[in-house]
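So the sequence shown is residues 11 to 409, counted in my numbering.
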Amino acid sequence: MQEIKNAFESSHASDRPTVVLAETVKGKGVSLTEGEEGWHGVPLTEEEMQEAFEELPSPEMPEFRISKPEKQEKPSFQEKEVDMKTYEQGEVLATRDAYGNALADLAEARSEVLAVDGEVSNSTRSEYIKEDNPDQFVESFIAEQNMISMAQGLSIKGYEVFTSTFSAFISRAHDQIRMAALSEAEITVVGSHAGVSIGQDGASQMGLSDIALFRALRESRVMYPCDGNSARKMVENAHRSGNLDYIRTTRPETEVIYSPEEEFPVGEFKKVEEPEDPDVVLAGAGITVHEALEAKKMLEQEGVQAAVVDIYCVKPFNSYNFRRFVESNSEKLVVSEDHYPEGGIGEMLGKELEESNIEMRTLAVDKIPHSGGKQELLENCGIDRKAIKKQALNLVEQH
11 MQEIKNAFES
21 SHASDRPTVV
31 LAETVKGKGV
41 SLTEGEEGWH
51 GVPLTEEEMQ
61 EAFEELPSPE
71 MPEFRISKPE
81 KQEKPSFQEK
91 EVDMKTYEQG
101 EVLATRDAYG
111 NALADLAEAR
121 SEVLAVDGEV
131 SNSTRSEYIK
141 EDNPDQFVES
151 FIAEQNMISM
161 AQGLSIKGYE
171 VFTSTFSAFI
181 SRAHDQIRMA
191 ALSEAEITVV
201 GSHAGVSIGQ
211 DGASQMGLSD
221 IALFRALRES
231 RVMYPCDGNS
241 ARKMVENAHR
251 SGNLDYIRTT
261 RPETEVIYSP
271 EEEFPVGEFK
281 KVEEPEDPDV
291 VLAGAGITVH
301 EALEAKKMLE
311 QEGVQAAVVD
321 IYCVKPFNSY
331 NFRRFVESNS
341 EKLVVSEDHY
351 PEGGIGEMLG
361 KELEESNIEM
371 RTLAVDKIPH
381 SGGKQELLEN
391 CGIDRKAIKK
401 QALNLVEQH
């Protein structure tokens, strides 16, 4: 104890944080347990305990007191009207770019907004915040566990934190995220480069289980935009939400299909295409919304009409309204997702619709993917427009 006290006292000579490395021996001072394996969480018998007490030394404890941290007032922040960049229908950009723009615009208006990134800000696009507000960017480097812990701590101090990395790398911080959820964290995690659609980088860089990770957390919200305007709205939804939010963004560019005025209520879905009396409903999220739209065009050439739905909010999800929509529009559903089947969107919908008469087919990444072009990989993994069309025709032709 005296050595520890000396270490504490010597730390006052520095204005930087001090780490005390103390070498310890498990069970020190008791011959039965000192340095021995197999005693973790194992109680001593009454006799062993008496022997242990007799062996334990009783040195005098040095007098010292550890002062409590000074109470700090939460910082005051500036607030201006938020003016986020919008996009015209037909424009082409990646949802990660729209996220970066929305984050930078939000930070310009709200000084409490911080970006915390795992040293991939040039890819997640969180670096956009640095152009006008570099002091609102925190680099965590490639230390995702620490990144989440920092984000949680900063949020407790009153900051609104958007923390980002590749969706594949979020798994490194799973335990920190789990504990943050138990602490009712109010942070937004953004995972970019989701799914096989990232292309040439290969399987190690592809986030294919991130939706499952966040769906399993209590009180979490999972959002998955498919274009620039919906990505902007997801940032608005996360702003001051008081929740643990996850926004999933993609690397490839996609066409803007929504107007700047479109609203995206949390928990709902979008009817992107709703023909009269459709033969089948095609549901996608993110990149597969665009594949579903292309599949719809291909089906029209076969004389089959398809409705297209965007599952932009995976959790929470208004399953009642979705079920009513599919039941009133053919009772046939094809779901496609750039994610593993386990814990994904198809699994979520299957559970929600299990007591209905809806016939459902799910297309997901059910293999270990490899490097390749975006469209090549979507096709190879069976989640592209051709696969969607094939499953839709199979459903329609059965009746």
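The C-beta atom is built at its ideal place from N, Cα and C for all residues, glycine as well.
Asked	Found
Spatial distance of residue 307 from residue 141 (CA atoms)	41 Å
Own chain partners of residue 220 with C-beta closer than 7 Å, once the 5 adjacent residues on each side are dropped	177, 180, 201, 204 and 258
Buried versus exposed call for residue 401 [16 or more other C-beta atoms within 10 Å across all chains shown]	buried
For residue 233, the three-state DSSP class (helix, strand or coil)	strand
Per-residue DSSP class, three states only, for residue 263	strand
Among 51, 11 and 195, nearest to residue 36 - alpha-carbon criterion	51
Inter-stretch contact at 8 Å, needing at least 3 Cβ pairs: the segment 245-254 / the segment 284-302	no
Residue 102 - partner residues in DSSP beta bridges	265
Neighbourhood of residue 358 by C-beta distance below 8 Å, restricted to the same chain and skipping five residues each side	225, 324, 325 and 327
Cut-off 6 Å between Cβ atoms - residues of its own chain near residue 117, not counting five sequence neighbours on either side	123, 139, 143 and 146
6 Å CB neighbourhood of residue 74 in its chain, flanking five on each side removed	15
Completely contained alpha helix (DSSP H) runs for the segment 311-389, where each covers 4 or more residues	329-337 and 355-362
At least 3 beta-carbon pairs within less than 8 Å: the segment 204-215 vs the segment 268-288	no
Contacts around residue 12, its chain only, beta-carbon distance under 8 Å, and the 5 residues preceding and following it disregarded	72
Identity of the residues DSSP links to residue 198 by a beta bridge	172 and 255
6 Å CB neighbourhood of residue 174 in its chain, flanking five on each side removed	127, 134, 136 and 200
Beta-bridge partners of residue 292, as assigned by DSSP	318 and 344
Cβ neighbour criterion (16 or more within 10 Å) applied to residue 280	buried
Boundaries (first-last residue) of the alpha helix (DSSP H) holding residue 396	395-407
Nearest-angstrom beta carbon gap, residue 102 and residue 283 [assumed within contact, 8 Å]	Incorrect: roughly 19 Å between the Cβ atoms, too far for contact.
Proximity below 8 Å, CB of residue 62 to CB of residue 29	no
Residue 187, buried or exposed, once every other Cβ within 10 Å from all chains shown has been counted against 16	buried
Ranges of the alpha helix (DSSP H) found wholly within the segment 116-154, counting only runs of at least 4	131-134
One or two residues paired with residue 283 in a DSSP bridge	318
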